[in-house]
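Residue numbers (the working numbering): 56 to 473.
Each residue gets a CB set at the ideal place from its N, CA and C atoms; glycine is no exception.
Since this is a predicted model, take the numbers as computed values, not measurements.
Okay, so here's the structure we're looking at.
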RNA sequence: GUGGGUAUAGCUCAACCUGGCUAGAGCAUCAGAUUGUGGCUCUGAACGUUGCGGGUUCGAAUCCCGUUACCCACCCCA
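Quick look at the structure:
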């Protein structure tokens, strides 16, 4: 075998495009229904951007980014996520000066330098939205509803929503201290991972799946008991809004997220059929990131959904479109060398009138050309042979009805558009 | 970074355990089934350095060693 695609990078061959198109078109449609506008930012950003936003000691920044000239001042990194880029772009171009509140969305590629597995590639794609410049808890709810609408419209099976609040810089340390105080005397009984998490990120102990550990954390302090009055009120309003919208969700005090920039609301979506990676998307509020990126103090909330995982979930449920997708409306066949030129002229003329037309370029028999036309599911076939050429007409075949009529070349475009 | 699995035609797989004629099948491709007509059917054709390198053997897809690639999982999670 010759050169292969890099590890964890995937080709999307033509047969794979129908599902990707459907997903992307659904994303755009739903986001726009909710008033979000599409934006695109570079795939490559200053490494500093992610260190400052995502957090210096997170795994993602420490070892899971594609970074060039690591350690140097102008080091660049393939974006691992898009929230930081969006905030950067809004601040850089003064979008907040023009309008303090921005609702934006993206569909695009991200990169992580990890060992690939099912649903986790090195180049992966996300659909996400960001509502930047407001702290209304109704917005938190709006983003959740938008995400669910997207998943529902595609038919992603078994979607579950978990929500939680992780507090703000005022109350979060209080909760961290409470957890540490609780776990410190018994940390020796936890699994090896959790013993490491104790120093690194004590919140993640709550996320442990080891049975023994789950039991040990059963009576751990609840985040709600540590939240400040403002965070509590925000959380309450968010949850109420979801309930009022009839949105099925579960409050999960154990839900924590990996990024440093999250404040207050966090949420996560899971779906069935995904293997070990059952999260399909997640998001939350980040009320300090805009200011940290050099903007004014302004709240924001958003989510990202992993599209490869959407594909996996849809395929597992048998809901991925299987029809191959072809565009040709008229296939022009020709018999004999003297008809090749006229056929080409006709194809060119049809295309000029906006009709998707194609022809044979391999010099194949009429039968073979008919097979080609059938394979690309062309509803119409034009036949030009010596007889037709002499009479100044072409045969037009309706492939569905298997009926043929002779028509003048000029009438073709009008007839096949019906 | 760690562990396990897999590697045979374009795709999905068989033959491997128990070494032995030209490594098979289905799908896909191409061509025919009376003159210039698709789908369905039938017939035929083409397609392989059995991932790569070495070893054992009279003989290796098959046994042994090495190597590479990919997959799944762990870690962590966007």
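Quick one: measure Cβ to Cβ for residue i and residue j, integer angstroms, because I've assumed they're closer than 8 Å.
i: residue 356; j: residue 198; result: 6 Å
i: residue 62; j: residue 175; result: Between residue 175 and residue 62 the Cβ distance is about 12 Å, and since that is not below 8 Å, they are no contact.
i: residue 108; j: residue 139; result: 4 Å
i: residue 184; j: residue 348; result: Incorrect: roughly 18 Å between the Cβ atoms, too far for contact.
i: residue 324; j: residue 159; result: With 8 Å as the limit, residue 324 and residue 159 do not qualify as a contact, their Cβ atoms being about 20 Å apart.
i: residue 431; j: residue 381; result: 4 Å
i: residue 353; j: residue 187; result: 7 Å
i: residue 449; j: residue 443; result: 5 Å
Over the uninterrupted alpha helix (DSSP H) stretch that includes residue i, give me the two end residues.
i: residue 230; result: 227 to 238
i: residue 396; result: 395 to 407
i: residue 78; result: 72 to 88
i: residue 442; result: 441 to 446
i: residue 261; result: Looking at the DSSP string, residue 261 is not in any alpha helix (DSSP H), and its letter there is neither H nor E.
i: residue 145; result: 138 to 147
i: residue 197; result: 192 to 209
Would you mind reading off the limits of the beta strand (DSSP E) that contains residue i?
i: residue 323; result: 318 to 325
i: residue 414; result: 412 to 414
i: residue 178; result: 178 to 187
i: residue 133; result: 131 to 133
i: residue 252; result: Taken as a continuous stretch (DSSP letters only), residue 252 belongs to no beta strand (DSSP E), being part of the alpha helix (DSSP H) at 247 to 255.
i: residue 166; result: 157 to 166
i: residue 216; result: 215 to 220
i: residue 453; result: 449 to 453
i: residue 469; result: Per DSSP, residue 469 belongs to no beta strand (DSSP E); it is in the alpha helix (DSSP H), 467 to 471.
Helix, strand or coil for residue i, going by three-state DSSP, please let me know.
i: residue 274; result: coil
i: residue 279; result: helix
i: residue 60; result: coil
i: residue 357; result: strand
i: residue 475; result: Residue coverage of the chain in this structure runs from 56 to 473, which leaves residue 475 outside it and unanswerable.
i: residue 390; result: coil
i: residue 298; result: helix
i: residue 460; result: strand
i: residue 93; result: strand
i: residue 340; result: strand
i: residue 269; result: helix
i: residue 121; result: coil
i: residue 437; result: strand
i: residue 385; result: strand
i: residue 175; result: strand
As a quick exercise: from the options, pick the residue whose alpha carbon is nearest that of residue i.
i: residue 418; options: 432, 394, 411; result: 394
i: residue 474; options: 66, 333, 104, 201; result: Residue numbering for the chain in the displayed model covers 56 to 473; residue 474 lies beyond these limits and cannot be assessed.
i: residue 361; options: 65, 136, 340; result: 136
i: residue 230; options: 275, 92, 170; result: 275
i: residue 464; options: 451, 473, 91; result: 451
i: residue 470; options: 408, 70, 441, 423; result: 408
i: residue 203; options: 473, 405, 358, 376; result: 358
i: residue 224; options: 182, 343, 314; result: 343
i: residue 339; options: 190, 351, 262; result: 190
i: residue 384; options: 378, 149, 412; result: 412
Cβ-heavy atom distance between residue i and the ligand ATP below 7 Å?
i: residue 162; result: Ligands are entirely absent from the displayed structure, and the ligand ATP is therefore not among its contents.
(request) Kindly confirm or deny that the segment 212 to 232 and the segment 292 to 311 touch, where touching means at least three C-beta pairs closer than 8 Å. (result) yes
(message) Quick check: the segment 289 to 298 against the segment 319 to 329, are at least 3 beta-carbon pairs closer than 8 Å?
(response) yes
(message) Does the structure place the segment 206 to 216 close enough to the segment 270 to 278 that three or more beta carbon pairs sit under 8 Å?
(response) no
(message) Within 8 Å, do at least three Cβ pairs link the segment 248 to 265 to the segment 361 to 370?
(response) no
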